[in-house]
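These protein sequence lines map, in sequence, to chains D and C.
Under this note's numbering, think of the first position of the first sequence as 88, with each following residue one higher.
Under this note's numbering, think of the first position of the second sequence as 88, with each following residue one higher.
Idealized CB from N, CA, C, for every residue including glycine.
From a predicted model like this one, the values you see are computed outputs, not experimental measurements.
For reference, the structure discussed in these notes is given below.
2 protein chains.
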Amino acid sequence: MPSYSAPVKDMRFALEALADYDSIAALPGLEEATWDVVDAVLEEAGKVASDLLAPLNASGDAEGARLVDGKVRVAAGWKEAYDEVSAGGWLGLSGDPEYGGQGLPSTLGAAVTEMWQAANLAFSLNGLLTQGAMDAIERNGSPQQKEFYLPRMMTGEWTGTMNLTEPQAGSDLAAIRTRAVPEGDHYRITGQKIFITYGDHEMTENIVHLVLARTPDAPEGVKGISLFVVPKFLANADGSLGERNDLRCVSLEEKLGIHASPTAVMSFGDNGGAVGYLVGEENRGLEYMFVMMNRARFDVGLQGLAMAERAYQQALAYARDRVQGKPLGGQPGAAIVGHPDVRRMLLMMKSQIEAMRGLAYVCAANMDRAARAADPGDRAAAQARIEFLTPIVKGWGTEVGVELTSVGVQVHGGMGFIEETGAAQFYRDSRITTIYEGTSGIQANDLVFRKVLRDGGRVARDVIGAARDFANELAPTGGEDFATLRAALTDGVEAAQAATDWLLERGAADPLGPAAAAYSYLRLMGTVLGGHQMARAALAAARKLQDGDGDADFLRAKIATARFYASNVMPEARMRLAVIRDGADDIVGFSEDRF
Amino acid sequence: MPSYSAPVKDMRFALEALADYDSIAALPGLEEATWDVVDAVLEEAGKVASDLLAPLNASGDAEGARLVDGKVRVAAGWKEAYDEVSAGGWLGLSGDPEYGGQGLPSTLGAAVTEMWQAANLAFSLNGLLTQGAMDAIERNGSPQQKEFYLPRMMTGEWTGTMNLTEPQAGSDLAAIRTRAVPEGDHYRITGQKIFITYGDHEMTENIVHLVLARTPDAPEGVKGISLFVVPKFLANADGSLGERNDLRCVSLEEKLGIHASPTAVMSFGDNGGAVGYLVGEENRGLEYMFVMMNRARFDVGLQGLAMAERAYQQALAYARDRVQGKPLGGQPGAAIVGHPDVRRMLLMMKSQIEAMRGLAYVCAANMDRAARAADPGDRAAAQARIEFLTPIVKGWGTEVGVELTSVGVQVHGGMGFIEETGAAQFYRDSRITTIYEGTSGIQANDLVFRKVLRDGGRVARDVIGAARDFANELAPTGGEDFATLRAALTDGVEAAQAATDWLLERGAADPLGPAAAAYSYLRLMGTVLGGHQMARAALAAARKLQDGDGDADFLRAKIATARFYASNVMPEARMRLAVIRDGADDIVGFSEDRF
Numbered sequence: 088m089p090s091y092s093a094p095v096k097d098m099r100f101a102l103e104a105l106a107d108y109d110s111i112a113a114l115p116g117l118e119e120a121t122w123d124v125v126d127a128v129l130e131e132a133g134k135v136a137s138d139l140l141a142p143l144n145a146s147g148d149a150e151g152a153r154l155v156d157g158k159v160r161v162a163a164g165w166k167e168a169y170d171e172v173s174a175g176g177w178l179g180l181s182g183d184p185e186y187g188g189q190g191l192p193s194t195l196g197a198a199v200t201e202m203w204q205a206a207n208l209a210f211s212l213n214g215l216l217t218q219g220a221m222d223a224i225e226r227n228g229s230p231q232q233k234e235f236y237l238p239r240m241m242t243g244e245w246t247g248t249m250n251l252t253e254p255q256a257g258s259d260l261a262a263i264r265t266r267a268v269p270e271g272d273h274y275r276i277t278g279q280k281i282f283i284t285y286g287d288h289e290m291t292e293n294i295v296h297l298v299l300a301r302t303p304d305a306p307e308g309v310k311g312i313s314l315f316v317v318p319k320f321l322a323n324a325d326g327s328l329g330e331r332n333d334l335r336c337v338s339l340e341e342k343l344g345i346h347a348s349p350t351a352v353m354s355f356g357d358n359g360g361a362v363g364y365l366v367g368e369e370n371r372g373l374e375y376m377f378v379m380m381n382r383a384r385f386d387v388g389l390q391g392l393a394m395a396e397r398a399y400q401q402a403l404a405y406a407r408d409r410v411q412g413k414p415l416g417g418q419p420g421a422a423i424v425g426h427p428d429v430r431r432m433l434l435m436m437k438s439q440i441e442a443m444r445g446l447a448y449v450c451a452a453n454m455d456r457a458a459r460a461a462d463p464g465d466r467a468a469a470q471a472r473i474e475f476l477t478p479i480v481k482g483w484g485t486e487v488g489v490e491l492t493s494v495g496v497q498v499h500g501g502m503g504f505i506e507e508t509g510a511a512q513f514y515r516d517s518r519i520t521t522i523y524e525g526t527s528g529i530q531a532n533d534l535v536f537r538k539v540l541r542d543g544g545r546v547a548r549d550v551i552g553a554a555r556d557f558a559n560e561l562a563p564t565g566g567e568d569f570a571t572l573r574a575a576l577t578d579g580v581e582a583a584q585a586a587t588d589w590l591l592e593r594g595a596a597d598p599l600g601p602a603a604a605a606y607s608y609l610r611l612m613g614t615v616l617g618g619h620q621m622a623r624a625a626l627a628a629a630r631k632l633q634d635g636d637g638d639a640d641f642l643r644a645k646i647a648t649a650r651f652y653a654s655n656v657m658p659e660a661r662m663r664l665a666v667i668r669d670g671a672d673d674i675v676g677f678s679e680d681r682f
Numbered sequence: 088m089p090s091y092s093a094p095v096k097d098m099r100f101a102l103e104a105l106a107d108y109d110s111i112a113a114l115p116g117l118e119e120a121t122w123d124v125v126d127a128v129l130e131e132a133g134k135v136a137s138d139l140l141a142p143l144n145a146s147g148d149a150e151g152a153r154l155v156d157g158k159v160r161v162a163a164g165w166k167e168a169y170d171e172v173s174a175g176g177w178l179g180l181s182g183d184p185e186y187g188g189q190g191l192p193s194t195l196g197a198a199v200t201e202m203w204q205a206a207n208l209a210f211s212l213n214g215l216l217t218q219g220a221m222d223a224i225e226r227n228g229s230p231q232q233k234e235f236y237l238p239r240m241m242t243g244e245w246t247g248t249m250n251l252t253e254p255q256a257g258s259d260l261a262a263i264r265t266r267a268v269p270e271g272d273h274y275r276i277t278g279q280k281i282f283i284t285y286g287d288h289e290m291t292e293n294i295v296h297l298v299l300a301r302t303p304d305a306p307e308g309v310k311g312i313s314l315f316v317v318p319k320f321l322a323n324a325d326g327s328l329g330e331r332n333d334l335r336c337v338s339l340e341e342k343l344g345i346h347a348s349p350t351a352v353m354s355f356g357d358n359g360g361a362v363g364y365l366v367g368e369e370n371r372g373l374e375y376m377f378v379m380m381n382r383a384r385f386d387v388g389l390q391g392l393a394m395a396e397r398a399y400q401q402a403l404a405y406a407r408d409r410v411q412g413k414p415l416g417g418q419p420g421a422a423i424v425g426h427p428d429v430r431r432m433l434l435m436m437k438s439q440i441e442a443m444r445g446l447a448y449v450c451a452a453n454m455d456r457a458a459r460a461a462d463p464g465d466r467a468a469a470q471a472r473i474e475f476l477t478p479i480v481k482g483w484g485t486e487v488g489v490e491l492t493s494v495g496v497q498v499h500g501g502m503g504f505i506e507e508t509g510a511a512q513f514y515r516d517s518r519i520t521t522i523y524e525g526t527s528g529i530q531a532n533d534l535v536f537r538k539v540l541r542d543g544g545r546v547a548r549d550v551i552g553a554a555r556d557f558a559n560e561l562a563p564t565g566g567e568d569f570a571t572l573r574a575a576l577t578d579g580v581e582a583a584q585a586a587t588d589w590l591l592e593r594g595a596a597d598p599l600g601p602a603a604a605a606y607s608y609l610r611l612m613g614t615v616l617g618g619h620q621m622a623r624a625a626l627a628a629a630r631k632l633q634d635g636d637g638d639a640d641f642l643r644a645k646i647a648t649a650r651f652y653a654s655n656v657m658p659e660a661r662m663r664l665a666v667i668r669d670g671a672d673d674i675v676g677f678s679e680d681r682f
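This is the structure:
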């Protein structure tokens, strides 16, 4: 049975050396989030992840969620685990204390979310969707809605869902048809939604559905969509439950992975219309969604990292145990971890995991800065970084995550194909991450058109410039390791800059070129910015080594892993640049009927 | 329900323009394999694939093979389909007419095998393993064994299996423990074998197991393994069945994919020892296996191509049908195939599929030359090419195949994750192809150590030289298309040559470097040699266009697809070279305890 042990030491290192956690804990309102608190939270969360959630991962996959007599039955142990996580206050970890949250930094929250997702992705989605629903209410709801729903969701008493997709409206939410007809202080909602994660279950007495729908006189397209709260049970002012609302789970999807997460087809209004309450103003639903989506996309980006980490732990344990052939230059009876190609695979995993973690935590640190920095300029700068980095954390993180779960299978040889081993589940589960909350293609377009072209490359230049400055700083550090890191990062930075220049040059005149190049640009930026974090990690490790601060083997491993990334991963940047420059026109020019 | 249509036009083009089928049909003994025969075979096989086998693919996956009361029950329709394929004479398509085969070229056989595998991989494996068992008997068996077994297997009356793997002996067959004790004219076999494809079933009255085992006085390691025929039922001289042999299927594996292909744990000799007959001489079993394995590895390489083709057909149909958002520069209501990033994904599939098909069919053509060319020098040269190309066709073809089935899922967006759509099955099924018949790491080591270093790079130089010569030939062809193709191929050839030189330089002194670089070298060679075939295809298409010979749209698509490959895929070659040169030492130098 595959186990999971939260990589607390790596997480703490990334928080300290990369996310600059000291500066986060110094932000107004986070003064109590000291390192003592961080250590206690990581340790405690690590225990919940490894002892409570991870053991349910394989059994949940085998059993799955089922629709029985109109009710969704979750897997054995799910309800008990949910109650324990709720009771632990984990759902409101970085939530607003006004509504019962613990007010801890999002930076720390990112590490904890990584743990839940690595331990049991299917289980963790319930919390992720509830978080999304809470965000929507917190940002756009009325004071009454906030007071009513948020404390109940923060404590886990009620869960939340996001009802966006319809059969004809997936990536294109403008095509939504679900209708909302005003009736007194509420609306009547009618329509069908698909792909609704935890759309129904019996773990809590109520479920708060956030639903996108159109009012009768709404304009066509994206500007005519409104957002509604549609609870499963209508509730009285004191929170006690009233009538069952007119909505139901029609069916559950048979999926490739995350079997224990019920993916529901939801029908609203079969009997006259479900009661829904408008959130914010009419026709601004999609705008609200997009603001909120940054966080949801970031969390899915963490899933790429989390699945890769889980797959890595499993593959490494197998490689250290399995004996098969004498490794070249090794002893008879030595395990396969000694084979150079197995080592290559494990290093592809380890190094890219650390790069993803570094970039994700840096992005999370910007969330705290954007929310709390004293200076408005700092807040705005942090917000701009978040918006630039989010599609990269999501798109690059999940694409690489899927690739690494495949490498995890490969390390196992034939045993990787046997479900009992567990490696195959990570391969199946992770496959959704490049799709939901916006496909990689959508992330790439978001990055290129909204985040690079819209501001004339200003933020892109800043981010790339920071990496360039850091590479230049590495010069006086000396030593062969840092010469290698510097050369690779400089090369990557040049490729990133050249690709950005190409986008800007082509952009206005010819958006088809940038659209065709978008995916390659997304991958290039992830590779280079991940490499920037790897070089930062190496330098921090070297300084700690010099100061005799910390576990020397651990710190030397950071430097060696950064070197591997520099020589084995960073060359991807030049390839992506070549494909962008020389390849985009061959995509644009390929006539559809030639497929 | 996903359907499959054999890409007969593409296959015929690859046979003619790339595999130089005219020269194959001119070989001694193949005079009757004219183009009329080829066309008839492709058409008829295409019908069997699309009408008989493809419709059983999804149902077979859902039902799977089961062990019920000690008997393996295959999926519904399996037995009937098997009988029809047998009756059609398809199992002996390129088999020796002396034993009931049709004696058609392996080159044509490759195209037909691609069809079976694309239509229904799980079904096709039965024939593949039977072919392997036939090869072992044909090459190494006694005249009596050949006469007795081959006609019965060629007609499909009996099937065959390969019993190699044991729990402690997977990639390392030297660790085999199954014992064979001589007793009169036969041996008594005792031991357990795992991962035995179609190890048991009731579709035929008998199964011919080929089993690797050790005799009591055998030397240790690889030189002490012998090969035995161990039939499920002992047979009388007239072929009528006698006693049940002492072997049984203990259990079937629960796998990630190919659910309808029973993967058995086989126990031999629970009641005193199964009767087995020695094939060839004692202690030469592994040597026989390795000779035979070239063919089996080649066939698995075709699976990478076949799965990718199947996934492509499915993704293309979906992309042409699904409407979601207005494509940039397109019309409202246009399907997603118009989105540049969807087009990029489809082109990644189409172009690499054509490259894989080209290289695989060229390799198959060498099989016919090696077997039949009049001149012994020609035969030897062809054999050397086969040995060089086989690990590339297998390793590169399946790695790319797995990646492309993932792209196929991605094209579907959320629907790709729903099992009903079918895209997920190809993703699951294909995942075994980089593992069985030697993992990609093993293919890479085979290529580097046995195929490049052992002969001092002689064959590698020839193969790369042919690509270089071709690139130079492209010069006078003129036009922008061919200037692009020439530049990309030249660049790839230089990278391949530089990587080969690096291997040769490091090889003798320091095999750890080449071992660490082997996977990257495998991918580099696949990319470049596949690109060579794409450029050849483009030139052949241009000539046909000039001559007004054939469908102009089809021929222009060949040129446009080759261009896409040149600009979007070929840049991988330089990346791999950089990783080989600069990255190998960082793998070798990474200490195991730092993971």
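(message) Check whether chain D comes within 9 Å of C/Ala162, counting only Cβ atoms and requiring the distance to be less than that.
(response) Counting from one through the second sequence, the residue named residue 162 of chain C turns up at place 75. Output row for C/Ala162: interface = no.
(request) Please confirm if D/Tyr608 has its CB atom under 9 Å from at least one CB of chain A. (result) In the structure shown, chain A does not exist; the protein chains are D and C.
(request) Look up C/Thr508 in the DSSP assignment and say whether it is helix, strand or coil. (result) Stepping through the second sequence from its first residue, residue 508 of chain C is reached at position 421. Three-state DSSP puts C/Thr508 in a helix.
(request) Could you tell me how far apart the beta carbons of C/Asn250 and C/Ala305 are, in whole angstroms, since I believe they sit closer than 8 Å? (result) Locating residue 250 of chain C in the second sequence gives position 163, where the first residue counts as 1. Locating residue 305 of chain C in the second sequence gives position 218, where the first residue counts as 1. With 8 Å as the limit, C/Asn250 and C/Ala305 do not qualify as a contact, their Cβ atoms being about 17 Å apart.
(message) Let me see if you follow: with CB-CB separation under 9 Å, is C/Leu433 close to chain D or not?
(response) Reading the second sequence from its first residue, position 346 is the one you call residue 433 of chain C. Contact of C/Leu433 with chain D is assigned, a C-beta pair being separated by under 9 Å.
(request) Please state if the CB of C/Gly509 and the CB of C/Pro89 are separated by a distance shorter than 9 Å. (result) The residue labelled residue 89 of chain C in the question sits at position 2 within the second sequence. The residue labelled residue 509 of chain C in the question sits at position 422 within the second sequence. The answer is yes: Cβ separation under 9 Å.
(request) Mind checking the region 248-277 of chain D against chain C and listing, in chain order, the residues whose C-beta falls within less than 9 Å of any C-beta there? (result) Within the region 248-277 of chain D, those residues whose Cβ lies closer than 9 Å to any Cβ of chain C are, in chain order, Thr252, Gln255, Ala256, Gly257, Ser258, Asp259, Ala261 and Ala262.
(request) Would you check if there are 3 or more beta carbon pairs closer than 8 Å linking the region 630-647 of chain D to the region 495-503 of chain D? (result) No: fewer than three Cβ pairs fall under 8 Å.
(request) Identify the contact partners of D/Ala383 in chain C, using a Cβ-Cβ distance below 8 Å as the criterion. (result) Here residue 383 of chain D corresponds to residue number 296 of the first sequence, with the count starting at 1. Ordered by position in chain C, no residue passes the 8 Å Cβ test against D/Ala383, which lies about 15 Å from the chain.
(request) Would you give the residue range spanned by the alpha helix (DSSP H) that D/Lys134 belongs to? (result) Residue 134 of chain D sits at position 47 when you count from the first residue of the first sequence. Per DSSP, D/Lys134 belongs to the alpha helix (DSSP H) from Trp122 to Lys134.
(request) Say whether the region 437-447 of chain C touches the region 617-632 of chain C, bearing in mind that this needs 3 or more beta-carbon pairs closer than 8 Å, one atom from each stretch. (result) Touching, yes.
(message) Residues of chain C with CB closer than 7 Å to the CB of D/Gly340, please, in chain order.
(response) Along the first sequence, one-based indexing puts residue 340 of chain D at 253. Going by the sequence as given, residue 340 of chain D is Glu instead of Gly. The answer, in chain order, is Ile505.
(message) Looking at the strands, I want to know which residues DSSP matches up with C/Ile283.
(response) The residue you call residue 283 of chain C lines up with position 196 of the second sequence. C/Ile283 pairs with C/Ala351.
(request) For chain D, find out if any of its Cβ atoms is closer than 9 Å to the Cβ of C/Glu130; answer yes or no. (result) Within the second sequence, numbered from 1, the residue matching residue 130 of chain C stands at position 43. Output row for C/Glu130: interface = no.
(request) Name the residue from D/Val410, D/Lys538 and D/Phe315 whose alpha carbon lies nearest to the alpha carbon of D/Gly739. (result) In this structure chain D extends from 88 to 682, so residue 739 of chain D is not present and cannot be described.
(request) Take D/Gly600 and list the residues in its own chain whose beta-carbon comes closer than 7 Å to its own, dropping the five residues that flank it on each side. (result) In the first sequence, the residue the question calls residue 600 of chain D occupies position 513. Cβ neighbours of D/Gly600 within its own chain (closer than 7 Å, five residues either side excluded): Arg593, Ala671, Asp672 and Val675.
(message) On a Cα-Cα basis, can you pick out the residue from D/Arg663, D/Gln279 and D/Val298 that is closest to D/Asp357?
(response) Numbered from 1 along the first sequence, position 270 holds the residue referred to as residue 357 of chain D. By alpha-carbon distance to D/Asp357, the top candidate from D/Arg663, D/Gln279 and D/Val298 is D/Gln279.
(message) Across the region 471-487 of chain D and the region 542-554 of chain D, are there enough close Cβ pairs to call them in contact, namely three or more that are closer than 8 Å?
(response) Taking a cut-off of 8 Å for Cβ pairs, the region 471-487 of chain D and the region 542-554 of chain D touch, as three or more such pairs fall below it.
(request) Compute the Euclidean distance between the alpha carbons of C/Gln218 and D/Pro598, then round it to the nearest angstrom. (result) Walking along the second sequence from the start, residue 218 of chain C turns up at place 131. Walking along the first sequence from the start, residue 598 of chain D turns up at place 511. Using only the alpha carbons, I get a separation of about 53 Å.
(request) Determine which residues of the region 376-407 of chain C have a Cβ less than 7 Å from any Cβ of chain D, and write them out in chain order. (result) Listed in sequence order: Leu403.
(request) Give the interface partners of D/Lys96 over in chain C, defined as CB-CB distance under 7 Å, in chain order. (result) If you number the first sequence from 1, residue 96 of chain D lands on position 9. Those within 7 Å of D/Lys96 in chain C number zero; the least Cβ separation is about 13 Å.
(request) Take C/Arg663 and list the residues in its own chain whose beta-carbon comes closer than 6 Å to its own, dropping the five residues that flank it on each side. (result) Counting from one through the second sequence, the residue named residue 663 of chain C turns up at place 576. Within the same chain, C/Arg663 has close Cβ partners Ser607, Arg610 and Leu611.
(message) Using only CA atoms, which one of C/Ile276, C/Glu374 and C/Val410 lies nearest to C/Ala361?
(response) Taking the second sequence and counting its residues from 1, the one referred to as residue 361 of chain C is at position 274. With distances taken between Cα atoms, C/Ala361 lies closest to C/Ile276.
(message) Against C/Arg573, what residues of chain D qualify as contacts under a CB-to-CB distance less than 8 Å, listed in chain order?
(response) Taking the first residue of the second sequence as 1, we reach residue 573 of chain C at position 486. Listed along chain D, no residue sits closer than 8 Å to C/Arg573 by beta-carbon distance, the nearest being about 14 Å off.
(request) Give the single residue among D/Phe355, D/Ser327 and D/Gly326 whose Cα lies nearest to the Cα of D/Leu299. (result) Numbered from 1 along the first sequence, position 212 holds the residue referred to as residue 299 of chain D. The residue with the shortest Cα to Cα distance from D/Leu299 is D/Phe355.
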